[in-house]
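J.: Next up is a structure, given as structure tokens.
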Amino acid sequence: MAPAPSPTHSAVTLNVNGEKYTLTVDHRTTLLDALRERLDLTGTKKGCDQGQCGACTVLLDGRRAVSCLHLAVAAEGREITTIEGVADGERLHPVQQAFLDFDGYQCGYCTPGQICSAIAVIEEHAAGWPSAVTDDVGPEAGPAPLTADEIRERMSGNLCRCGAYVSIVQAVARAAAVQAETGEAAEAVA
Amino acid sequence: MREFGYQRASDVAGAVALLGADPDARFLAGGTNLVDLMKTGVERPARLVDVRELPLDRVESTPDGGLRIGATVTNSDLAAHPEVRRRYPALAQAVLAGASGQLRNMATLGGNLLQRTRCGYFTDVTGPCNKRRPGSGCPALQGEHHNHAVLGASDHCVAVHPSDMGVALTAFDAVVSYETTDGPGQVPLTEFYLPVGDTPHRETALPAGALITGVTLPPAPVATRSRYRKVRERASYAFAIGSLAAALDVRDGVVHEARLALGAVASRPWRARAAERVLTGSPADAGTFAAAADAELAAARPLPHNGYKVTLMRNLVVAVLTELAEEAAR
Amino acid sequence: MTTTTTGTTNGTTTARGSVGTAHTRVEGRDKVTGAARYAGEIPFAGLAHGWLALSTVTRGRVRSVETAPVLGMPGVLTVLHHENAPRLDSDYVGLLGVPPDPSAALFQHDRVPHRGWPVALVVAETSEQAREAAEALVVHYEQEPHDVAFSAGRPDAYPVDGHMPAVAEKGDLESALATSTVVVDAEYTTPEEHHNPMEPHAATAHWDGGRLEVVDSNQGTTWVAGDLAKLFSLDPASVRVRSEHVGGGFGSKGIRAHQVAAVMAATVLQRPVRVVMTRRQMFSLAGYRSPTTQRVRLGADAQGRLRALEHRCLNITSTVREFVEPGAAPARVMYDADAHHTANRVVRLDVPTPTWMRAPGEAPGSFALEAALDELAEKCGIDPIELRARNEPERGPVSGLPFSSRNLLTCFREGARRFGWADRDPRPGLRRDGRWLLGTGTAAASFPAGAGPSTAGLTAEPDGTFTVRIAASDIGTGARTALTLVAADALGVAPDRVRVRIGDSDFGPAMIAGGSMGTRSWSWAVTIAADELRERLALGADIPPAGITVRSDTTEAIGALAKKERHSFGAQFAEVAVDVTTGEVRVRRMLGIFAAGRVVNPLTARSQFLGGMIWGISMALHEEAVRDPASGGHVGADLAGYHVATHADVPLIEADWIDDPDPDDPVGIKGIGEIGIVGAAAAIANAVWHATGVRHRSLPIRPDRVLSAGTGAAHA
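Protein chains in written order, with the numbering used here: chain A, 1 to 190; chain B, 1 to 330; chain C, 1 to 716.
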């Protein structure tokens with residue numbers, strides 16, 4: 001089905017993982033459904049379709065967002081990164097590698113969202129963003145260390161029903177340490 | 001979700017003009033509440049005007065030492081802003097206590113103020129709800145209401161406002177700015193939400209077709225010693241069952257100034273002026289704090305299953321004010 | 001004795017000893033890159049989308065379905081309902097010995113037995129069109145008064161056998177209680193709980209050259225294929241169900257309305273049709289764990305030895321199917337008494353039919369029983385672990401059968417040592433950390449160790465590799481990896497020479513992923529096949545291009561197992577913090593030590609134990625589906641209204657195990673999928689008492705309940 005532009009459909013160009021896709025979307029189509037059903041990028045998962053689980057997390061202009069509550073038509077002009085776009089060719093992103101090594105998953109369905117979220121968590125922390133468990137949110141306090149409690153709070157928008165939380169937190173901590181060593185997290189959040 | 005038109009606005013006047021007086025049109029910003037409500041069928045707009053890219057994304061200092069926050073500033077940017085964290089730490093904490101990192105990146109200040117209640121009856125279009133379908137009844141009164149209002153509710157609706165951000169903004173005397181086809185306007189946040197009465201479907205004082213352009217926070221030195229505490233049924237990523245934004249200025253053991261607002265207890269963020277009156281000029285001790293809480297909660301009218309909220313809010317007020325007073329004494 | 005698991009291995013070079021060595025998941029790379037495709041993600045040319053419309057009344061009849069306006073909506077292809085749907089035969093008993101869930105027998109009559117009952121399917125070109133049309137569909141009902149009120153005092157409750165006898169009684173209960181020195185008599189309740197796997201139920205059906213092909217998310221492809229063949233009166237050989245990656249199941253992913261709807265529509269339209277449940281629909285279509293009310297009465301002598309034990313469990317079921325949640329089952333295994341009475345009963349209400357959910361029976365039953373034991377320990381003034389040691393039975397308390405192995409006390413001893421139990425002051429309400437009161441608690445765990453008949457195919461390929469084909473299902477358990485290791489050891493080769501293909505009903509009958517029986521059942525079949533293949537290869541014949549394939553079937557071997565009490569055991573420990581001014585409860589640490597058979601892959605086994613324990617945290621503190629008595633439906637049927645534990649709710653918890661190979665299993669496996677949740681909620685509830693001095697006998701222990709109950713301890 002390739003519907004024509006109309007009052008309820010628009011032609012859009014979506015920039016996903018560095019590639020441009022031009023398609024006509026029903027305005028009702030979410031970014032999540034456009035990725036999965038129109039672009040065959042099924043790595044982004046639909047868990048609740050209501051912004052209540054985080055399985056559909058992608059990066060929009062480098063920031064994590066739930067693609068189920070983002071209309072595809074409104075995503076034009078934004079840089080979209082999905083799980084399919086986070087590795088460097090065959091070389092896994094340090095967060096992906098850590099999830100693999102630490103068994104940071106079970107069924108794997110929340111995993112792409114957890115990984116996209118974790119990539120952003122490490123960058124948000126590096127940019128000095130406080131969290132709900134940061135003792136002193138004052139700007140003079142400086143960035144709090146990325147403790148297990150900080151990781152847990154910052155990752156709480158990603159539910160894992162299998163209960164892989166313990167390993168995920170270990171994986172994120174490891175990936176953050178790896179990235180800190182290699183300087184890969186130096187690029188601050190835009 | 002029915003089919004709808006979509007337009008992207010590039011400036012405020014254009015956005016307001018695009019929406020016009022169409023009751024079936026809605027402004028779309030972050031979409032975190034509106035798109036969800038469209039999926040559940042609570043909202044069925046014929047047209048969306050996308051305002052996310054409007055140049056309202058700045059947090060700026062006002063000449064008098066306050067802050068002006070644009071309507072499309074995201075929750076994340078608001079909570080990360082150095083001046084917000086320095087001057088109104090409870091506001092940063094409140095924003096960080098809400099939703100998740102992903103949602104905070106999407107959600108905006110304007111949308112936050114306009115978000116709808118999470119009452120389970122409101123979001124289930126197969127049943128009655130006076131807020132969603134005026135006159136159809138309020139099943140929460142006899143049904144599931146353990147997280148419903150104890151203050152300011154009516155026999156027509158007992159839903160609570162879900163915002164955390166709004167609680168802190170209410171404590172700090174925020175003023176909402178908006179634009180209409182007839183020009184700009186302002187309304188204090190404490191008057192922004194209408195009393196429930198028998199019209200729970202009428203929620204705000206915004207004129208029809210108005211676009212929120214921002215919020216102004218007047219200077220409030222007391223806010224530099226402020227705190228937001230949120231109680232919920234899991235440790236994160238859940239709406240409050242009770243929350244408190246508090247600021248306290250203690251001089252020589254006496255409360256010089258206090259700000260208190262309660263969350264998840266009413267159809268709007270609840271400014272606790274009765275409590276503030278008790279606090280001001282009284283010794284900064286547990287007795288005063290308890291008396292202040294009691295003064296505010298005297299008006300509480302709990303339902304059969306939410307009476308705990310009165311205890312909870314009383315305990316929260318005492319605990320948080322005690323913490324603030326102890327910090328001030330250090 | 002203790003196996004410790006730290007670090008991971010990626011290596012695949014040893015020819016022996018793969019079982020017991022940590023291996024990352026063989027499909028791990030696909031899962032972390034998004035390449036792993038789940039059921040709703042396989043592309044099909046000409047795919048149409050189906051959307052289920054559910055009843056908005058709780059009891060009554062469908063008077064009419066206004067299809068005409070909807071058929072005129074953009075993209076709509078058909079509307080199926082009880083007047084035009086293909087006829088089904090639902091009068092059969094499936095693989096697991098039970099009939100299909102009533103909601104899977106779609107559109108066969110006009111009766112509405114509960115709110116959320118499927119009344120129509122709208123099929124359209126796009127999912128957006130299908131959704132809007134399904135929501136716009138007007139259905140007229142004849143509404144009847146309903147009854148969804150569950151309480152302990154229901155006079156219409158009656159005993160139901162299920163997988164075990166409903167009632168087991170020995171001795172004179174009342175006189176044993178009357179002569180006991182110490183008596184505990186308490187009522188416990190658990191709420192309605194939902195599986196909520198992260199991947200919603202999804203199926204795509206299409207006809208391919210006279211064969212029905214279904215790509216589905218389920219816990220057993222031959223199970224679902226067999227049911228679909230029976231429902232649609234098809235030759236079983238003409239039905240193929242595939243389910244390669246499954247985003248969690250926990251008991252909910254068997255034959256359900258979505259597969260039947262997809263098959264119906266694909267048959268009517270003669271094109272591929274996908275049906276996916278929404279998260280909200282899952283609350284009425286995917287099954288759930290029934291709420292329970294349980295009464296436990298314990299009588300003991302002054303030394304804490306049980307003289308009387310009564311455990312009665314009541315659950316709800318639908319008006320169209322009896323389903324029993326056997327909460328009284330653990331008592332039949334754990335503790336003996338002169339008078340020992342257990343009973344499982346149900347009451348029929350206008351609600352969806354409940355189903356198995358992770359540790360059915362044991363999860364809610366162990367909460368009541370193990371909390372009651374803690375109350376008995378308190379009353380006797382005996383340490384809770386010592387109390388259990390004094391009541392360790394020699395044989396099955398009800399069956400009289402010997403235990404295949406019972407290492408419960410070893411688990412307690414090891415756990416107590418690592419948790420620091422010896423330093424515990426048993427008095428409640430004494431420990432404080434700022435605004436938090438602290439407490440610790442413990443509980444025992446058990447779950448049956450069983451196996452189900454399975455077949456497997458094993459091929460020696462000409463290139464020196466091996467291919468296992470078995471209709472196993474990896475719902476996150478790590479089964480695919482475990483079977484790789486089992487096959488490698490059985491063949492005497494390195495795991496990288498073994499390829500395991502699963503999730504395809506064409507591979508032949510096999511046990512489902514359920515009841516902690518999957519990996520054990522499948523490993524057995526793989527082991528037998530490997531033994532035979534090695535014998536064939538030992539003859540030295542050349543391997544032809546098609547390879548040499550042997551098939552195995554464990555039906556006979558499993559049937560020959562001697563009758564014994566066969567169970568896994570474990571000891572759960574928890575430390576909690578309770579803010580009595582807000583009612584918040586947080587778990588600070590948790591330790592589970594398990595005796596659960598041979599551990600095939602320590603890396604993934606640890607994940608499974610921890611996952612079960614996290615379910616225990618979630619059950620103890622968060623999960624509760626709320627049903628509105630007036631409407632008969634749920635309030636807040638989504639993941640914002642139904643709370644499962646988040647990252648922030650889960651501290652660093654630990655799971656470990658002791659050596660406990662099953663003597664009657666070829667690999668020594670018992671099964672580990674369920675036991676992690678068993679006893680976990682009780683350990684947490686017992687810790688809340690230790691922190692506050694207040695017993696919380698109703699789950700979840702929500703802040704409002706903690707606040708309303710106050711504190712039994714004097715606190716500053």
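Note that beta-carbon positions come from the ideal geometry of N, C-alpha and C, so glycine has one too.
Being a predicted model, the structure only gives us computed values, none of them experimental.
(1) Tell me, please, which residues DSSP counts as bridged to MET590(C).
(2) Three Cβ pairs or more, each shorter than 8 angstroms: is that satisfied between the region 487-505 of chain C and the region 547-559 of chain C?
(3) In terms of residue numbering, what span does the beta strand (DSSP E) encompassing LYS170(C) cover?
(4) In angstroms, rounded to a whole number, what distance separates the CA positions of ALA180(A) and GLU84(A)?
(5) In the DSSP assignment, find the alpha helix (DSSP H) that holds LEU169(B) and state where it starts and stops.
(6) Along the chain, which unbroken stretches of the alpha helix (DSSP H) at least 4 residues long are found entirely within the region 295-327 of chain B?
(7) Is CYS68(A) helix, strand or coil by DSSP?
(8) Could you give the distance in angstroms between the alpha-carbon of VAL42(B) and the alpha-carbon of ALA443(C)?
(9) Can you list the alpha helix (DSSP H) stretches of 4 or more residues lying completely in the region 311-364 of chain C, in chain order?
(10) Determine contact between the region 388-400 of chain C and the region 409-425 of chain C, defined as no fewer than three beta-carbon pairs at a distance below 8 angstroms.
(11) Which first and last residues belong to the beta strand (DSSP E) in which LEU9(A) is found?
(12) Check whether the Cβ atoms of PHE172(B) and ALA223(B) sit closer than 8 angstroms, and answer yes or no.
(13) In this structure, what does DSSP give as the bridge partners for PHE773(C)?
(14) Is any beta-carbon of chain A found at less than 8 angstroms from that of TRP207(C)?
(15) Take the Cβ of PRO7(A) as the centre, count every other Cβ of all protein chains shown within 10 Å, and call the residue buried at 16 or more, exposed below.
(16) Using a cut-off of 9 angstroms between C-beta atoms, extract the partners of VAL121(A) located in chain B.
(17) Between which two residues does the alpha helix (DSSP H) containing PHE4(B) stretch?
(18) Measuring CA to CA, which of GLN114(A), THR42(A), CYS68(A) is closest to MET155(A)?
(19) At a CB-CB cut-off below 8 angstroms, which residues of chain C make contact with GLY41(B)?
(20) Are the beta-carbon atoms belonging to PRO291(C) and ARG332(C) less than 8 angstroms from one another?
(21) By the 9 angstroms beta-carbon criterion, what residues does the region 239-265 of chain B contribute toward chain C?
(22) For ALA562(C), does the count of other Cβ atoms within 10 angstroms reach 16, so buried, or fall short, so exposed?
(23) Specify the secondary structure class of ALA48(C) as computed by DSSP and reduced to three states.
(24) Since ASN315(B) meets chain C, which of its residues come closer than 7 angstroms, beta carbon to beta carbon?
(25) If GLY163(A) sits next to LEU610(C), beta carbons under 8 angstroms apart, how far is it from one beta carbon to the other, in whole angstroms?
(26) For a contact defined as C-beta to C-beta under 8 angstroms, what are the partners of VAL644(C) on chain A?
(27) Run through chain C and tell me which residues come within less than 9 angstroms of ARG234(B), C-beta to C-beta.
(28) What does the Cβ neighbour count give for ASP433(C), buried or exposed, with the cut at 16 atoms within 10 Å?
(29) Kindly list the residues whose CB is nearer than 6 angstroms to the CB of GLY197(B), restricted to its own chain and excluding five residues on each side of it in sequence; keep chain order.
(30) Residue range of the beta strand (DSSP E) that ILE212(B) falls in?
(31) In three-state DSSP terms, what is GLU135(C)?
(32) State the beta-bridge partners of HIS140(C) as determined by DSSP.
(33) Is THR126(B) helix, strand or coil by DSSP?
(34) Tell me the rounded alpha-carbon separation between LYS31(C) and HIS201(C).
(35) Which of helix, strand or coil does DSSP assign to ILE42(C)?
(36) For SER473(C) versus GLN259(C), is the C-beta distance shorter than 8 angstroms?
T.: Let me lay it out:
(1) ALA574(C), ILE653(C)
(2) Of all C-beta pairs linking the region 487-505 of chain C to the region 547-559 of chain C, fewer than three are shorter than 8 angstroms, placing the two stretches out of contact.
(3) 167-170
(4) 23 angstroms
(5) For LEU169(B), the enclosing alpha helix (DSSP H) has its first and last residue at 165-171.
(6) none
(7) Looking at CYS68(A) - three-state DSSP - the assignment turns out to be helix.
(8) 46 angstroms
(9) 331-334
(10) yes
(11) Strictly speaking, residue 9(A) in this sequence is His, with Leu absent from that position. Note, HIS9(A): beta strand (DSSP E), 9-16.
(12) yes
(13) The shown model of chain C, from 1 to 716, leaves out residue 773(C), and the question about it has no answer.
(14) no
(15) exposed
(16) GLY101
(17) Premise fails: PHE4(B) is in no alpha helix (DSSP H) and is neither H nor E.
(18) GLN114(A)
(19) GLU135
(20) no
(21) If you check each beta-carbon in the region 239-265 of chain B against every beta-carbon of chain C, the ones closer than 9 angstroms belong to PHE239, ILE241, GLY242.
(22) exposed
(23) Strand.
(24) Near ASN315(B) (Cβ distances below 7 angstroms), the residues of chain C are THR581, THR582.
(25) Their Cβ separation, rounded to whole angstroms, is 6 angstroms, which keeps GLY163(A) and LEU610(C) in contact under 8 angstroms.
(26) LEU159, ARG161
(27) SER618, LEU621, HIS622, HIS643, VAL644, ALA645, THR646, ALA648, ASP649
(28) exposed
(29) If the five residues before and after GLY197(B) are omitted, its C-beta is found closer than 6 angstroms to the C-beta atoms of SER154, all from its own chain and listed in chain order.
(30) 211-217
(31) helix
(32) SER64(C)
(33) coil
(34) Rounded to whole angstroms, LYS31(C) to HIS201(C) spans 19 angstroms at the Cα level.
(35) coil
(36) no
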